[in-house]
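For the sequence shown, the working numbering assigns the number 2 to the initial residue and increments by one for each residue that follows. Before any comments, here is the structure.
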Amino acid sequence: RFFSLLYHIRRVVADLRFNNKNHSTMKKSIMLIAAMCMTSVMTFAQKVIRVSTDKTDLVMKVSPKGRLYQVYLGDKFVNPADYDNLKWDVYAASDGAVSQRGHEVYATSGAEDYFEPAVAVTHADGNMTTYLYYQSSVQKAVKGGTETVITLQDKVYPLTVKLHYVAYAKENVIKAWSEISHKEKSPITLWRYSSTMLYFKSNKYFLTNYHSDWAKEGQPETTQLSTGKKIIDTKLGTRAAMQAEPFFELGFDEPAKENEGKVMLGTIGWPGNFRFTFEVDNVGALRVIPAINPYASDYKLKAGEVFTTPEFIFAMSDNGMGEASRNLHDWARQYQVNMGMDDRLTLLNNWENTGFDFNQQSLAELMKDAKDLGVDMFLLDDGWFANKYPRKDDHAGLGDWEATKSKLPEGIPGLVRDAKKAGVKFGIWIEPEMVNPKSELFEKHPDWVIMQPQRETYYYRNQLVLDISNPKVQDYVFGIVDRIMTENPDVAYFKWDCNSVITNIYSPYHKQNQGNFYIDHVRGIYNVLTRIHNKYPNLPMMLCSGGGGRMDYEMLKYFTEFWCSDDTDPYERIYIQWSLSKFFPAKTMGSHVTNWNKNTSVKFRTDVCSSCKLGFDIDLKSLSKDDYKFVQQAVKNYNEMKPMILEGDQYRLVSPYEGSHCAINYVSKDKQRAVLFAYDLHPRYKEPQMNVKLQGLNSTKLYTVKEVNLMPGKTSELECNGKQYSGDYLMKVGLNVFTAQDGTSHVLTLE
């Protein structure tokens, strides 16, 4: 465009000099120059693209050759003129010439960059190279933030990539995703498709990722990243977070700390196969590439279709993980989580009490127990459905979502009626993505099931996974919820489980196009959930997956909470909840009091669960008189503390990973109220007990401290109980609330 402008200026100057053109032609030439000058000015104005929050800047620039580079990611500049000094990195090629290679915003395969690409395409003619050039960028206001959309195109092939960034200024959170489309004559094949690509420069990088298994979720592991690649991925299809979880921390120059140092928290919204690539390149820069895992997923994209990648969400802080996670919590509640600013229901579940062994009469009694306990809802778990193959254990019945007549002669309507009579809401468990081979559904529609032809079938937990990439199966799964709600509009809650990973990988629906299956299966789940949410926007649902096998912010657009783990041992839950709280607000984390580890007191178990979204899954009649009175009062106390726990700012004070104790506190947004949870795990003999220093209080205010959740007839033994302290004192000196006794706990409110 620049050289074209020079050419036209030269022509007009020649015309003026020799006067060999008429005035009309001269006028057109001058107007053309003016138009091109305006276009050039507009293009120049767009050469610097900023994605900014109140504290963070992501800055991109267009090079003279039209390629888009990241030139900065870090603290926001105070002086706007400093943006002009930012330059893209240009490296010398092996022959000494200067190459185009640098920190390209969305690096492609086959170009000058020698590292992991953000996008890789096999074009319709077989060419495997792609070059993306900047075309345009626009910004628009969205709820809570500003969205920037950058359009890139290949000059040779009609391939377009749109990069999306939404910056939430106040919360200091950015989410990013990409859209890939084309107009080639035949389908193209995508074999890399990242949500975004971010670059960092530091002397050292420390990654904390989280691994897990059933009943062992949220296990942190910190490593220093060195030259080369570290990949965190999963290939389980669904329930994908069972072994590797889709979130991480980055510490710059040192491992990420709670209250100091430069950190980044990142997570991807995708419950299927995901992949995080962390690559330190030849000049010491770190590339972070969050993406769908391309494993067995060479995706055929038709002309005109748009391939949308998952959202990658990240928050940065110079003051440690605590600040970053509080920002993430605020963002999640306001803009991402379903009904994120609404209340949450306390509940009594029947599973740990009854298992599969119940009937309508016994459930009606449990509903009365729920009312007497003081919770909002009774939740019926697994075992209520199927007639030809009744659900007596986990070997049969999945797929046949009709109430078992021998157990529940009046069906769900009778249960809803009994719950109303007891004075509580009614919720129900489903596992709609799965099927038992011993079911009427499997007999009628074996072609709806993910199952390899000509091979022996492997059964994970005696079940198989429905092929939800198939629109007919999507209709069926949506119909499960829709039929229950249509017939029983007073059903108040669903617990949506998913106990199996995908095995026997073959989609009858995709047939010869198996590379699309893994991705289209997850998109099929989204289609179902979108339909449910559109029709029932105020329906709370819990996301469960063999425990905590699904924890991501895309699914939380449809679910109000998730189940952290089937491990409800209070000691283990302290560790699990500590880890998950870095990424998810307390109101999304379901925590139930059960009989796991009966060696601990009911008080200790209840105090652990009260720091999240409280529920009970226990035989109340087996409790002693004092224990029963305690849990009744604990529910009342929780309802008083709930606004602080579910809506307030969380501060992780003492890590269970660093000693024998744990403490966290929540503070209301106006700093008028706070609650402190202190837990003694396994103190050493004669271990010195240090004060717990609170955080987030108003230093000039006086706070009255009161211990709650005391056993009947007991009075607080804490010296601080009933006393007043300034917020300054509480944050600088703290309170003596730890003991030397295993499994003790204290809950204190501050007014």
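Ideal placement from N, C-alpha and C gives every residue a C-beta, glycine not left out.
Practice task
Please name the residue in 194, 204 and 218 whose C-alpha comes closest to that of residue 210.
Solution key: 218
Exercise for the section: Apply the 10 Å Cβ neighbour rule to residue 1 and answer buried if 16 or more other Cβ atoms are within range, or exposed otherwise. Expected result: In the structure as shown, the chain begins at 2 and stops at 752. Residue 1 is therefore absent and cannot be evaluated.
Practice task
Determine the contact status of residue 155 and residue 123, defining contact as a CB-CB distance below 9 Å.
Solution key: no
Problem - Cα-Cα separation, residue 654 to residue 690 - result: 14 Å
Practice task
Have a look at the DSSP bridge pairing and note the partners of residue 429.
Solution key: 381 and 495
Handout entry: 6 Å Cβ shell around residue 745 - same chain, five flanking residues per side excluded
Key = 681
Exercise for the section: Report yes or no: do the segment 430-441 and the segment 450-469 share at least 3 C-beta pairs separated by less than 8 Å? Expected result: yes
Handout entry: Range of the contiguous alpha helix (DSSP H) that encloses residue 526
Key = 518-536
Problem - Residue from 580, 457 and 367 with nearest C-alpha to residue 420 - result: 367
Handout entry: Residue burial classification, residue 157 (beta-carbon count within 10 angstroms, cutoff 16)
Key = exposed
Problem - Contact set for residue 503: own chain, Cβ-Cβ below 7 Å, skip 5 residues either direction - result: 237, 238, 239, 451 and 466
Practice task
Name, in chain order, the residues that DSSP records as bridge partners for residue 163.
Solution key: 152 and 180
Problem - Separation of residue 430 from residue 495, as counted between CA atoms - result: 6 Å
Problem - Given residue 575 as reference, the closest of 399, 174, 176 and 664 once Cα atoms are compared - result: 664
Practice task
Could you tell me whether the segment 546-561 touches the segment 260-273, where touching means 3 or more Cβ pairs closer than 8 Å?
Solution key: yes
Exercise for the section: Go ahead and pull the three-state DSSP assignment for residue 358. Expected result: coil
Problem - Euclidean distance between Cα positions of residue 358 and residue 235 - result: 36 Å
Practice task
Whole angstroms is fine: what's the gap from residue 254's alpha carbon to residue 393's?
Solution key: 55 Å
Practice task
Please state if the CB of residue 561 and the CB of residue 594 are separated by a distance shorter than 9 Å.
Solution key: no
Practice task
Spell out the partners DSSP gives residue 222 in its beta bridges.
Solution key: 210
Exercise for the section: Please name the residue in 695, 192 and 402 whose C-alpha comes closest to that of residue 323. Expected result: 695
Practice task
With a threshold of 16 other CB atoms inside 10 Å of the CB of residue 193, please say whether the residue is buried or exposed.
Solution key: buried
Exercise for the section: Kindly indicate the opening and closing residues of the alpha helix (DSSP H) around residue 475. Expected result: 472-488
Handout entry: Complete alpha helix (DSSP H) runs within the segment 304-373 (minimum length 4 residues, chain order)
Key = 321-332 and 352-355
Problem - For residue 738 and residue 749, believed in contact at Cβ under 8 Å, the rounded distance - result: 7 Å
Practice task
To the nearest angstrom, report how far apart residue 633 and residue 427 are at their CA atoms.
Solution key: 20 Å
Practice task
In the DSSP assignment, find the unbroken beta strand (DSSP E) run with residue 136 in it and report its ends.
Solution key: 134-143
Practice task
Identify every residue that forms a DSSP beta bridge with residue 666.
Solution key: 652 and 677
Handout entry: Range covered by the beta strand (DSSP E) that runs through residue 193
Key = 189-194
Practice task
Please say whether residue 242 and residue 546 have beta carbons closer to each other than 9 Å?
Solution key: yes
Handout entry: Beta-carbon gap between residue 332 and residue 145 smaller than 9 Å
Key = yes
Practice task
Could you name the residues of the same chain whose beta carbon sits closer than 6 Å to that of residue 753, not counting the 5 residues immediately before and after it, in chain order?
Solution key: What is shown of the chain runs 2 to 752, which leaves residue 753 out entirely.
Handout entry: Best match in 408, 172 and 200 for proximity to residue 329 [C-alpha to C-alpha]
Key = 172
Exercise for the section: Taking only the alpha-carbon atoms, compute the straight-line gap between residue 648 and residue 200 and give it to the nearest angstrom. Expected result: 33 Å
Handout entry: Sequence-distant residues of its chain with Cβ nearer than 8 Å to residue 249 (five each side left out)
Key = 208, 209, 210, 211, 233, 266, 267, 268 and 277
Handout entry: Which listed residue (293, 163 and 159) has its alpha carbon closest to that of residue 801
Key = Here the chain covers residues 2 to 752 and nothing more, so residue 801 does not appear.
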